[in-house]
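Enquirer: Please read through the structure below; I'll follow up with questions.
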Amino acid sequence: MVIMKFTSITKWEFKNTLKSKKFMMIFFLQLSVLFLMIIIFNSFVTNIESDNGISITPSLNGFASMDVLDQSGFISKLINPAVINVIPLSYNSSLNNIADGKITGFLYVSGNVDKKIQLGQTIDMTIYLDSSDPKSSVVRDEVNSTAQIISQSYSNTLSNSAAPQNTSTPTVNQESTGESLPLQIIKKVMLVILLFLPLLLFGNMIIDTVVGEKERKTGEILIAMPMSQAQVIIGKSMAVVLTISLQVAMWLIILLIAGFHIANPLLVFIFIFLTSIPIIGITAVVAAYSKNFKEAGIGLSIAYMGIVGFLIVPVLLYLSRKSFLANISPMTIVMRLFSGESIPLMDYGISLATIFVVSLISYWIAIKLFERDDIMFGPRPGILRLLYDLITFKKF
Amino acid sequence: MVGFGMGSNEVMIKIESLTKSFGRIKALDDLNLEIKRGELLGIIGPNGAGKTTAIRMACCILKPDFGDIKIDGISIHEDPIRIKSMIGYLPEEPNLYERFKAKDLLKYFAELYGVPKNDINGRVEDLLELVGMTERKDDRINTFSKGLRQRISVARALVHDPDIIILDEPTMGLDPATANSIRDFVRNLKGNKTMILCTHYMAEADFLCDRVAILNKGKIIDVGTPAYLKSKIHGDVILKVKIQNLEDVNSYKEKIMKFASVSAVDFIDGEYLISLKYRNEMSEIVDLFGNNVNSINTKEPTLEDVFINTVK
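So the protein lines, in turn, are chains A and B.
Residue numbers for the first sequence, in the working numbering: 4 to 399.
Residue numbers for the second sequence, in the working numbering: 11 to 322.
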């Protein structure tokens, strides 16, 4: 009889969720976002794994232009073409170009630089800048850097001629095994985050069903039903857990079809399903306490920041140090399952114990809050008052 | 306890020393009341008197700070789930799940009340017919007017065929026709069910209830049949005499008070309101005014008079 009541709520809530046009719209919107993310993710990883690599530095091509008068062409070659567009022109026209604002600067190199270096003579360079142009400082810095390179090259030539037996330059060859940490983060963590997303995206459903009872004032008739408040909270929560499971299952199938390698899809699914239970429990605490949707939204944002931190930080800890304690986060276990790692039972135990303890505490608090007259019908006590009641076991 | 019920003498609901506070406000203060099986008890009182708090506690929605309510001998502290299954509760506002269709809403609550699965469809159809909503059974609640919502709410409260029905302001805000249909509905249930009716409409309580309890500041001030309460406050009848010349107003009052049948005399807006315990001396009292009479009327006391007198 008792179980029937709780499952009745779950059944009707789940049925209504699936019937809701709003929900279906969000559901398919999320699926399309997933498709988009898969495409972006795939191209990102392909780029990272390619020989050319990928640059995340913004391009400065054509940032500034400078005329250079250099007979040998030696200096022109040394100026960074990614920053400065070098235009070889005559002396007079270049000065006119600066005056007209067509270029930022003009570099005049006197004589043949090649010959001067060989003869050990001083190289004279004159730079003309349009000071009103903010890019002039970049042009000046680039010319200074070029001068430094020439100076270094000049010193090397002199030292080589003084000790010709030491002309060989030592080279270092690097060979690596395994994936780099950034690649691991992108390939493993990103994928796990993707699968955990539904847990956070559908959490607001419990807010809608619990806070909605207060806002729409339907809570009164629900409490008048021959069932405990515990059954109401559990029944509503399980409907959300079911919805999340459905979404996670679909995401997993899509990822598998898209060619992602997931070593233990069933275990991955079970762990994400189990993780959704305490997350919905924490959300139920926020929902049970909140007076309205606005308050619940603020509470949910704060709670989810904590949840996301609790899930992700141990994952990064595991990647960097292989810390045993990192298994406290179910996300770590899921990531390891993804990679096909052999996971000791103890590591599963830590994660499952966390899920169990957090679930127990969160649902207990949510139920106790929902049972309190002052929270359901007012005047609602403050959080400090509730904490005092919790510590002293008064009304809890 | 004062007054008597229309049902059996068996006590169905017994409220003992019920006390409840919300913060610093004492909503109920040592409330004691008995309701007999099959009786329809009305609870009247001003806003904030504690009516809704009292019935919410009877429905196990709120918990008392002190005291107890026994329903058919079962304490709300012992088995609230059992008590809830015995009660059909219609709250003040007919707030229902907007997304449900009318028939689905009734099926949902039937399931929650534990109505056997095989009986649910038949029960729902019967109730929809009873409240005249069969044609709208496939429509969503959010398309219904307040009156239609109230009809569905009544059906919802009866979906498990409860022994006790508790109605909180069932006709408030409804048009006269819908309000009357709800009143007829309540009247038809009289005698078969034990009912509590909270209302602001004194005429409704007078017309429907076997007994009426007047609640003020969390306490029962008086309880009894409507006739008993009316006779207690004003006697049998109020004689209204409007006079022409106001100069001798005070001399009349002294003379009127000498009659044995007079229980109270008030002078409001040029009119004497004389409460009489019996009618025998009515003509003699009127004779006192001689030609100074503008108009003479009699008025039967109503529950509204009782209410105003009691809670003022």
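Positions of the beta carbon are idealized from the N, C-alpha and C atoms, including for glycine.
Count the other C-beta atoms from every protein chain shown that fall within 10 angstroms of the C-beta of residue 88 of chain B, then say buried if there are 16 or more, exposed otherwise.
Expert: So residue 88 of chain B counts as exposed.
Enquirer: Kindly indicate which residue of B:170, B:291, B:189, B:148 has the alpha-carbon position closest to the one of residue 161 of chain B.
Expert: Residue 161 of chain B has its Cα closest to that of B:189, out of B:170, B:291, B:189, B:148.
Enquirer: Measure the C-alpha to C-alpha separation of residue 266 of chain B and residue 294 of chain B and round it to an integer number of angstroms.
Expert: So the two alpha carbons sit approximately 10 Å from each other.
Enquirer: Tell me which same chain residues have a C-beta within less than 7 Å of the C-beta of residue 281 of chain A, skipping the five on either side of it?
Expert: So the qualifying residues of the chain are 358, 361, 362, 365.
Enquirer: Any Cβ of chain A within less than 8 Å of the Cβ of residue 186 of chain B?
Expert: Taking Cβ atoms only, chain A never reaches closer than 8 Å to residue 186 of chain B, which makes this a no.
Enquirer: Which same chain residues, not among the five before or five after residue 237 of chain A, have their C-beta less than 6 Å away from its C-beta?
Expert: Closer than 6 Å at the Cβ level, and outside the excluded window around residue 237 of chain A, lie 9.
Enquirer: Name the chain B residues whose beta carbon is nearer than 7 Å to that of residue 376 of chain A?
Expert: Correct list: 72, 73.
Enquirer: In the DSSP assignment, find the beta strand (DSSP E) that holds residue 277 of chain B and state where it starts and stops.
Expert: It spans 272–278 - the beta strand (DSSP E) in which residue 277 of chain B sits, taken as one unbroken run.
Enquirer: Determine the contact status of residue 59 of chain B and residue 225 of chain B, defining contact as a CB-CB distance below 8 Å.
Expert: Yes. Within cutoff.
Enquirer: What residue does the alpha helix (DSSP H) around residue 30 of chain B start on, and which one ends it?
Expert: Run containing residue 30 of chain B: none in the alpha helix (DSSP H); it sits in the beta strand (DSSP E), 21–32.
Enquirer: From the DSSP output, which residues share a beta bridge with residue 128 of chain A?
Expert: BP columns for residue 128 of chain A point to A:112.
Enquirer: Consult DSSP for residue 223 of chain B and reduce its assignment to one of helix, strand or coil.
Expert: DSSP places residue 223 of chain B in strand when its eight states are reduced to three.
Enquirer: Per DSSP, which one or two residues make a beta bridge with residue 205 of chain B?
Expert: In the DSSP output, where bridge partners are listed per residue, residue 205 of chain B has B:50, B:175.
Enquirer: Using only alpha-carbon positions, find the residue among A:311, A:26, A:239 that is nearest to residue 199 of chain A.
Expert: The shortest Cα separation from residue 199 of chain A among A:311, A:26, A:239 belongs to A:311.
Enquirer: What are the partner residues of residue 44 of chain B, as DSSP defines its beta bridges?
Expert: Paired residues: B:24.
Enquirer: Please classify residue 309 of chain B: does DSSP put it in a helix, a strand, or coil?
Expert: Strand.
Enquirer: So what does DSSP say about residue 5 of chain A, is it helix, strand or coil?
Expert: The predicted position of residue 5 of chain A is uncertain, since its pLDDT is 47 and thus under 50; a value taken from the coordinates is nonetheless stated next. In this structure, residue 5 of chain A counts as helix in the three-state DSSP scheme.
Enquirer: Going along chain B, which residues have a C-beta under 8 Å from residue 28 of chain A?
Expert: The premise fails here: residue 28 of chain A is roughly 15 Å from chain B at the closest Cβ pair, so nothing lies under 8 Å.
Enquirer: Would the stretch 177–185 of chain B count as touching the stretch 123–133 of chain B if we require 3 or more Cβ pairs under 8 Å?
Expert: The stretch 177–185 of chain B vs the stretch 123–133 of chain B: no contact.
Enquirer: Assign residue 254 of chain B to one of two classes, buried (16 or more other C-beta atoms within 10 Å of its C-beta) or exposed (fewer than that).
Expert: Flag for residue 254 of chain B reads exposed.
Enquirer: On the three-state DSSP scale, how would you describe residue 234 of chain B?
Expert: In this structure, residue 234 of chain B counts as strand in the three-state DSSP scheme.
Enquirer: For residue 274 of chain A, report the span of its alpha helix (DSSP H) as first-last.
Expert: Counting along the chain, the alpha helix (DSSP H) containing residue 274 of chain A begins and ends at 268–292.
Enquirer: Which of the three DSSP states is assigned to residue 134 of chain B in this structure?
Expert: Correct three-state label for residue 134 of chain B: helix.
Enquirer: Counting only beta-carbon atoms, is residue 69 of chain B nearer than 8 Å to chain A?
Expert: So yes, residue 69 of chain B belongs to the interface.
Enquirer: If you draw a straight line from the alpha carbon of residue 201 of chain A to that of residue 21 of chain A, how long is it in whole angstroms?
Expert: Each residue's alpha carbon lies about 16 Å from the other.
Enquirer: Can you tell which of A:78, A:136, A:124, A:119 has its C-alpha closest to the C-alpha of residue 147 of chain A?
Expert: Measuring from the Cα of residue 147 of chain A, the nearest candidate turns out to be A:78.
Enquirer: For residue 303 of chain A, which residues in the same chain have their Cβ closer than 8 Å to its Cβ, ignoring the five residues on either side in sequence?
Expert: 206, 207, 210, 286, 289.
Enquirer: Listing by chain order, which chain A residues have their CB less than 7 Å from the CB of residue 94 of chain B?
Expert: Near residue 94 of chain B (Cβ distances below 7 Å), the residues of chain A are 227, 228, 229.
Enquirer: Look at the alpha carbon of residue 72 of chain A and the alpha carbon of residue 81 of chain A, and state the distance between them as a whole number of angstroms.
Expert: When rounded, the distance between both Cα atoms is 13 Å.
Enquirer: So what's residue 109 of chain B in DSSP terms, helix, strand or just coil?
Expert: Note: residue 109 of chain B maps to coil in three-state DSSP.
Enquirer: With respect to the beta strand (DSSP E) encompassing residue 252 of chain B, which residues constitute its N-terminal and C-terminal limits?
Expert: Residues 247–253.
Enquirer: Have a look at residue 227 of chain B and residue 37 of chain B and give me their C-alpha separation to the nearest angstrom.
Expert: Each residue's alpha carbon lies about 7 Å from the other.
Enquirer: Is any beta-carbon of chain A found at less than 8 Å from that of residue 172 of chain B?
Expert: So no, residue 172 of chain B is outside the interface.
Enquirer: According to DSSP, is residue 324 of chain A part of a helix, a strand, or is it coil?
Expert: Correct three-state label for residue 324 of chain A: helix.
Enquirer: Beta-carbon of residue 91 of chain B versus every beta-carbon of chain A: anything under 8 Å?
Expert: Yes, contact with chain A.
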